[in-house]
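This report concerns only the one structure given below.
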Amino acid sequence: MELVAASTHRRTFPGLLNSKGLSLRRRALSTLQVNLGKLCNQACQHCHVEAGPQRTENMELATVEACLRLARDANVTVVDITGGAPELNPHFRYFVSELHKSGVQVIDRCNLTVLWEPEQEDTADFLAKHQVRIIASLPCYSEANVRKQRGSGVFDKSIRALQKLNDLGYAKGNLVLDLVYNPVGAFLPPDQSTLEATYKKRLREDFGIHFNHLFTLTNMPIKRFAEALVRQGKYEEYLDLLAGAFNPASVDGLMCRDLLSVGFDGKLYDCDFNQMLELPLAAGAKTIFDLDFKRLENAPIATASHCFGCTAGSGSSCTGALA
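Residue 51 in this note's numbering sits at position 4 of the sequence shown; the count goes up by one each step and never skips.
Encoded structure:
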């Protein structure tokens, strides 16, 4: 793995790419990632969305319909639904049902504990019926580590939710259940394949739980996690860590190259992280209502220092390690 000097981030991310003879431009659109809102039943310390129970932002039906039209017209293969807790949006089930009818692969970014919230008791059954691929966040197989990130009681609810999903057929046949790992602190995630083997062993032996894949995600130095780093006096140190671990082999697989991120208000971004920083789509269109998707291919991509998080070590994307 090729590494660069730890101070590189001060030269800007585009400058580093240029110095390595690399470029970052869009390919054809294949994945539409839709943030249905910032309302969540949890308020995790590492959350780059700053989601929580007090947030009121939710995508309206007209914007959901626009997302459905774009998915159809652009012939996207995957619609990746996120939040907040996307299941809490009143139009979530309509959105999923319509996408399922069209044959698009639907991903639900589920925090697991939402499945025990009032009026969500049958959500797991709904997801299974519509063959939704679940990517569930479980920061550790250890209760103590989960408590540090997510608070007391979250681990038990998460385990019971995973057991319920297994009972419905997830991690068996066509129903896919993947898990996501985030480091507890300001360090890079370990090797994905090695950690996946440990997760599978511990969850199977301790709780009888099975899943398909584990994705390791680097904590991004934005929003709530960035604020925590600043309070601890570790923000610059963490940026140095990310920049110093730059891996050129990760650039080709970056999610921003074939993904379009849609905010709850219909605004467009190159990725989910740019959305949370309100860094607009570099291709020009401001909202999903004025987008010409045919102009996306080969368009530039908006970048900033947080992009070092996606290219550090083995790389990091919405589906885990890249290299």
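We put the CB at the ideal spot given by N, CA and C, even for glycine. Quantities reported herein were computed from a predicted structural model and do not represent experimental measurements.
For residue i, collect the residues of the same chain with a Cβ closer than 7 angstroms to its Cβ; drop the 5 residues on either side in sequence, then sort them by chain order.
i: PRO230; result: PRO236 and ASN266
i: GLN167; result: GLU134 and VAL161
i: PHE417; result: Only positions 48 to 370 of the chain appear in this structure, which leaves residue 417 out of reach.
Using the DSSP secondary-structure output, state which residues sit across from residue i in a beta bridge.
i: HIS260; result: ASP225
i: GLN80; result: ASP127 and SER308
i: ILE181; result: ASP155 and LEU224
i: GLY367; result: SER364
i: ARG251; result: ARG251 is not bridged to any residue.
When you compare only the Cα positions, how much space is there between residue i and residue j?
i: LEU212; j: SER66; result: 47 angstroms
i: ARG197; j: VAL161; result: 13 angstroms
i: GLN279; j: CYS365; result: 27 angstroms
i: ARG116; j: ASP339; result: 12 angstroms
i: ALA359; j: ASN294; result: 6 angstroms
i: ALA292; j: SER199; result: 34 angstroms
i: VAL111; j: SER205; result: 28 angstroms
i: LEU215; j: ASN88; result: 23 angstroms
i: CYS159; j: ALA208; result: Residue identity check: residue 159 is Leu in the sequence provided, not Cys. Whole-angstrom Cα-Cα distance: 6 angstroms.
i: ALA349; j: SER308; result: 12 angstroms
i: ARG72; j: GLU107; result: 31 angstroms
i: VAL193; j: LEU326; result: 31 angstroms
i: GLU49; j: ASN321; result: Interpretation of GLU49 is limited by its pLDDT of 36, a score under 50 that renders its predicted location unreliable; no figure is taken from the coordinates.
i: ASN105; j: GLY367; result: 27 angstroms
i: GLN152; j: VAL223; result: 11 angstroms
i: PRO165; j: ALA118; result: 31 angstroms
i: CYS114; j: GLY331; result: 18 angstroms
i: HIS353; j: LYS333; result: 21 angstroms
i: ALA175; j: GLY62; result: 46 angstroms
i: ARG342; j: VAL179; result: 30 angstroms
Within 10 Å of its beta-carbon, does residue i have 16 or more other beta-carbons around it, so buried, or fewer, so exposed?
i: GLY130; result: buried
i: GLN239; result: buried
i: LYS314; result: buried
i: PRO268; result: buried
i: PHE272; result: buried
i: GLN80; result: buried
i: GLY150; result: exposed
i: ASP319; result: buried
i: ARG251; result: exposed
i: SER54; result: Annotation note: pLDDT 42 at SER54 (below 50); position unreliable, coordinate value reported separately. Exposed.
i: SER297; result: buried
i: SER361; result: buried
i: LYS372; result: Residue 372 lies beyond the range of the chain shown here (48 to 370); nothing can be said about it.
i: GLY356; result: buried
i: LEU264; result: buried
i: THR241; result: exposed
Ordered along the chain, which non-local residues of its own chain (more than five positions away) have a Cβ less than 6 angstroms from that of residue i?
i: LEU226; result: ALA183, LEU185, PHE258 and LEU261
i: GLU190; result: PHE202
i: LYS195; result: VAL231
Quick check: does the Cβ of residue i come within less than 8 angstroms of any heavy atom belonging to the ligand ZN?
i: ALA171; result: Looking at this structure, you won't find the ligand ZN or any other ligand, since it has none at all.
Less than 8 angstroms between C-beta atoms, sequence neighbours within five positions excluded: which residues of the same chain meet that for residue i?
i: LYS219; result: ASN213 and HIS257
i: SER77; result: VAL123, THR124, VAL125, ASP305 and LEU306
Which runs of the alpha helix (DSSP H) spanning at least 4 residues fall entirely within the segment 114-176, listed in chain order?
-> 139-149 and 170-176
Can you check the segment 289-345 for any alpha helix (DSSP H) of at least 4 residues that lies completely inside it and give the ranges in chain order?
-> 319-323
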